[in-house]
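Written below as structure tokens is the structure these notes are about.
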Amino acid sequence: MIKHLRRSAVLLIMSLYQDMTAAQTVSDTQRSLRQLNHKIAVLQKDLSQTHTQQTQLQSELKITEHQIKNHELTIHAIQQKIPLKKIEIDKIEKKIANSQLEFTQLQTLLMKQIQSRYKQQPNQPLEWLLVHPQKAEIEKILTYYDYVLHTHEHTLQQLRLTQANLRKQQTTLQHEVETLHHMQVQAQITQQQLQVHKNHHQTLLKSLQNHLFTQENTLSEYQRNRDNLSQILGKLSRESVVQTRHSMTTMKRKLPNPVNVESSHIHKVHQGIMLYSAEGSSVHAVYPGKVVFGEWLNGYGLLLIIDHGWGLMTLYANNLTLTKHIGDIVNQGEQIATVGHDGISKQAGLYFEVRKHGKAISPLEWLGSNKR
116 MIKHLRRSAV LLIMSLYQDM TAAQTVSDTQ RSLRQLNHKI AVLQKDLSQT HTQQTQLQSE
176 LKITEHQIKN HELTIHAIQQ KIPLKKIEID KIEKKIANSQ LEFTQLQTLL MKQIQSRYKQ
236 QPNQPLEWLL VHPQKAEIEK ILTYYDYVLH THEHTLQQLR LTQANLRKQQ TTLQHEVETL
296 HHMQVQAQIT QQQLQVHKNH HQTLLKSLQN HLFTQENTLS EYQRNRDNLS QILGKLSRES
356 VVQTRHSMTT MKRKLPNPVN VESSHIHKVH QGIMLYSAEG SSVHAVYPGK VVFGEWLNGY
416 GLLLIIDHGW GLMTLYANNL TLTKHIGDIV NQGEQIATVG HDGISKQAGL YFEVRKHGKA
476 ISPLEWLGSN KR
């Protein structure tokens, strides 16, 4: 079903200034009409959803902006922690180096003590057995060796403590390194997530801007062409020389249907009605008048306009063929065209309008309730 004047008026004025060549066939016309009507239908759907889409996109953009700010704060916090961890690692490495130095020094001292012991008196125990020194002398020597043994034991204890401390420092260092590595990985993941959100934000923003720009331009074009159409119809009404004996206003709810169909096959479409019928069915004038327009127009297909005088006109659109032409005088019920296809609903049908001084009025107020 065609969404008529609001849709088809988009290119109407351009069509009024385009010359249609005789070589253009009906099939070419119908194909062009279907393509145009498809674009119009898509555009109408977009227009009806513009405000809803805009609200949804703005909501998504706000969420994305909030996520971006949170991720930026996370990245900043991680970047501040990394240098601090590196400083701690440097301190631990220095402690490990100091512990290693102490270990080496103690190890060297122990070796010197052992070497000193054997250099001084390597055969001392044997001499005691042979020489038989005085008891006081022996006690003195034993006291000295006891002191040396305790010193060695203390040195060994310090070495063990140093080694344990070294292992602890190494474990701490490894843990710090692992923690730092984990933080770096988390920072990279967060940065990737942030980039994804930024890209999504930019895509949504660009899509919204492009969509609104296109819709605003197209809507402006629709409005301009619709205004021009009203001006043209108004001009035709003012220039009308047709003056029927009786005004068509006396025929309210008495006019026959332009196509012989049941009322169930008639549907209101914006400023007019669609009368669904088989393709090729006869289209008849609803009242006497003069044909003032008869050619192909974007959105209307083959359009025929009849001037009935008294400022009243009827429009017959989506025709397959026209049997009357500009300047022809027609009588009520006379065939003027055949039913064509609207290109969208996959149903053949006639689009019908009534205009008074160029302004659309409801056709249902003029047609009777019965078939023609």
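Letter by letter, the sequence shown follows residues 116 to 487 of the working numbering.
Every residue gets a Cβ at the ideal spot worked out from N, C-alpha and C, and that includes glycine.
Can you list, in chain order, the residues of its chain whose CB lies under 6 Å from that of residue i, leaving out five sequence neighbours each side?
i      : result
Asp443 : Val406
Met389 : Met116, His382, Gly464, Tyr466
Thr189 : Thr305
Tyr95  : As shown, the chain starts at 116 and ends at 487. That puts residue 95 outside it, with no answer to give.
Asp205 : none
Val376 : Leu390, Ser392
Ala279 : none
Lys283 : none
Thr136 : With a pLDDT of 33 at Thr136, under the threshold of 50, the modelled position of this residue cannot be trusted; read the value that follows with caution. Taken in chain order, the list of residues that qualify is empty.
Glu449 : Ala400
Gln195 : none
Lys184 : none
For residue i, count neighbouring C-beta atoms within 10 Å of its own C-beta (all shown protein chains included) and say buried if the count is 16 or more, exposed if not.
i      : result
Pro478 : buried
Lys439 : buried
Glu187 : exposed
Thr277 : buried
Ile197 : exposed
His290 : exposed
Leu419 : buried
Gln386 : buried
Leu482 : buried
Val384 : buried
Asn325 : exposed
Leu488 : A question about residue 488 goes unanswered here, because the residues of the chain that appear run from 116 up to 487.
Asn413 : buried
Thr429 : buried
His191 : exposed
Asn314 : exposed
Give me the DSSP bridge partner(s) of residue i.
i      : result
Leu435 : DSSP lists no partner for Leu435.
Thr453 : Ser397, Thr436
Leu327 : The partner list for Leu327 (beta bridge, DSSP) is empty, contrary to what the question assumes.
Thr429 : Ile421, Val469
Ile207 : In the DSSP output, where bridge partners are listed per residue, Ile207 has none listed.
Lys474 : Lys471
Leu188 : Answer is none; Leu188 lacks a bridge partner.
Gly464 : Tyr391
Leu370 : Leu482
Could you tell me the boundaries of the beta strand (DSSP E) in which residue i lies?
i      : result
Ser392 : Element bounds for Ser392: n/a, residue is neither H nor E.
Val407 : 404 to 412
Glu502 : Residue 502 falls outside the range modelled here, since the chain spans only 116 to 487, and no answer is possible.
Gly416 : 416 to 422
Ile441 : Segment: none, Ile441 is in no beta strand (DSSP E) and carries neither H nor E.
His385 : Careful: His385 lies outside any beta strand (DSSP E) and carries neither H nor E.
To the nearest whole angstrom, what separates the beta carbons of residue i and residue j, a pair I think is in contact under 8 Å?
i      : j      : result
Arg368 : Glu480 : 7 Å
Glu208 : Leu295 : Not really, about 13 Å apart at Cβ, beyond 8 Å.
Ala302 : Ile193 : 4 Å
Val454 : Gly395 : 6 Å
Leu437 : Tyr402 : Rounded, the Cβ-Cβ distance is 18 Å, inconsistent with contact.
His399 : Ile476 : Going by Cβ atoms, the distance from His399 to Ile476 rounds to 20 Å, so no, they are not a contact pair.
Gln182 : His297 : Not a contact, Cβ separation roughly 23 Å.
Take residue i and list the residues in its own chain whose beta-carbon comes closer than 7 Å to its own, dropping the five residues that flank it on each side.
i      : result
Lys471 : Gly426, Leu427
Glu203 : Glu291
Can you list, in chain order, the residues of its chain with a C-beta nearer than 8 Å to that of residue i? Leave out the 5 residues immediately preceding and following it.
i      : result
Gln285 : Ile211
Phe408 : Leu351, Leu418, Leu419, Ile420, Ile441
Tyr431 : Pro373, Val398, Leu418, Leu419, Ile420, Ile421, Ile451, Ala452, Leu465, Tyr466, Phe467
Arg275 : none
Met366 : Tyr402, Trp481
Asn332 : none
Please indicate yes or no: does the CB of residue i lie closer than 7 Å to some heavy atom of the ligand ATP?
i      : result
His315 : As far as ligands go, the structure on display features none, and thus does not contain the ligand ATP.
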